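Student:
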Amino acid sequence: MLGKVGSAAAFAIIYVFSAELYPTVVRNAAMGASSCCARVGSMIAPYITAAGDDIGGPEGKAMPLLIFGSASILAGVVSLWLPETLNQKLPETMEDGEQFGKVPKTVADEFTSIEVKVTGADTKPNNTTDKRYQPENMVAKM
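Numbering (the working numbering) for the sequence shown: 11 to 152.
1. Would you report the Cα separation of R37 and W91, rounded to the nearest angstrom?
2. Beta-carbon within less than 6 Å of G107's beta-carbon, same chain only, minus the 5 sequence neighbours each way: which residues are those?
3. If I follow the unbroken alpha helix (DSSP H) through V87, where does it start and stop?
4. Classify G62 as buried or exposed, calling it buried when 16 or more other Cβ atoms lie within 10 Å of its own Cβ.
5. What three-state label does DSSP hand V26 in the structure shown?
6. Within the continuous alpha helix (DSSP H) that includes Q109, where are the two ends?
7. Taking only the alpha-carbon atoms, compute the straight-line gap between S89 and F27 and give it to the nearest angstrom.
8. My understanding is that I65 touches I77, with C-beta atoms under 8 Å, so please give their C-beta distance in whole angstroms.
9. With distances taken Cα to Cα, identify the nearest neighbour of A20 among G111, S45, V35.
10. Going by beta carbon distance, what residues of the same chain come within less than 6 Å of V87, once the five residues before and after it are set aside?
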């Protein structure tokens with residue numbers, strides 16, 4: 011009975027949580043696709059149970075429990091990669107949806123190693139038209 015309560019609660023919570031993840035412009039279509047995928051489990055569950063009856067014996071009784079249990083554990087582990095939505099601005103556009111939950115890069119992350127190569131630095135310029143000292147000839151490599 012506790013399993014049925016947990017299953018019903020998860021089925022209801024998934025609608026609230028998935029609505030927060032999808033951008034506004036595709037939310038209706040994405041919720042429909044999520045609902046369709048959720049129904050697949052309901053459709054194949056009787057076949058998994060029947061396969062356990064066909065196998066028979068203690069293995070047949072354990073097989074549906076192992077399949078259902080491992081599927082729920084896998085779903086719980088995979089849900090750890092979903093972004094946190096608490097106190098977050100929900101995505102409005104597809105670009106917002108792609109960036110939702112990603113850690114923004116800092117300037118320090120971009121410049122972890124800097125290699126600067128200055129050509130012609132061994133001599134002093136004899137005039138201002140010396141091309142070795144023009145900014146376009148000084149190469150900064152990252």
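For glycine and all other residues, C-beta sits at the position ideal for the given N, C-alpha and C.
What you are looking at is a predicted structure, and each value in this text was computed from that prediction instead of being measured.
Tutor: Taking the structure as given:
1. Using only the alpha carbons, I get a separation of about 20 Å.
2. Sequence-distant partners of G107 (beyond 5 residues in either direction) whose C-beta falls short of 6 Å from its own C-beta, in its chain, are P33, P101.
3. Per DSSP, V87 belongs to the alpha helix (DSSP H) from 67-88.
4. Looking at its Cβ environment, which holds 16 or more other Cβ atoms inside 10 Å, G62 is buried.
5. Looking at V26 - three-state DSSP - the assignment turns out to be helix.
6. For Q109, the enclosing alpha helix (DSSP H) has its first and last residue at 104-109.
7. If I take the Cα positions, the gap works out to 11 Å.
8. No, I65 and I77 are not in contact; Cβ-Cβ is about 12 Å, not under 8 Å.
9. Nearest in C-alpha terms to A20, of all of G111, S45, V35, is S45.
10. Contacts found: none.
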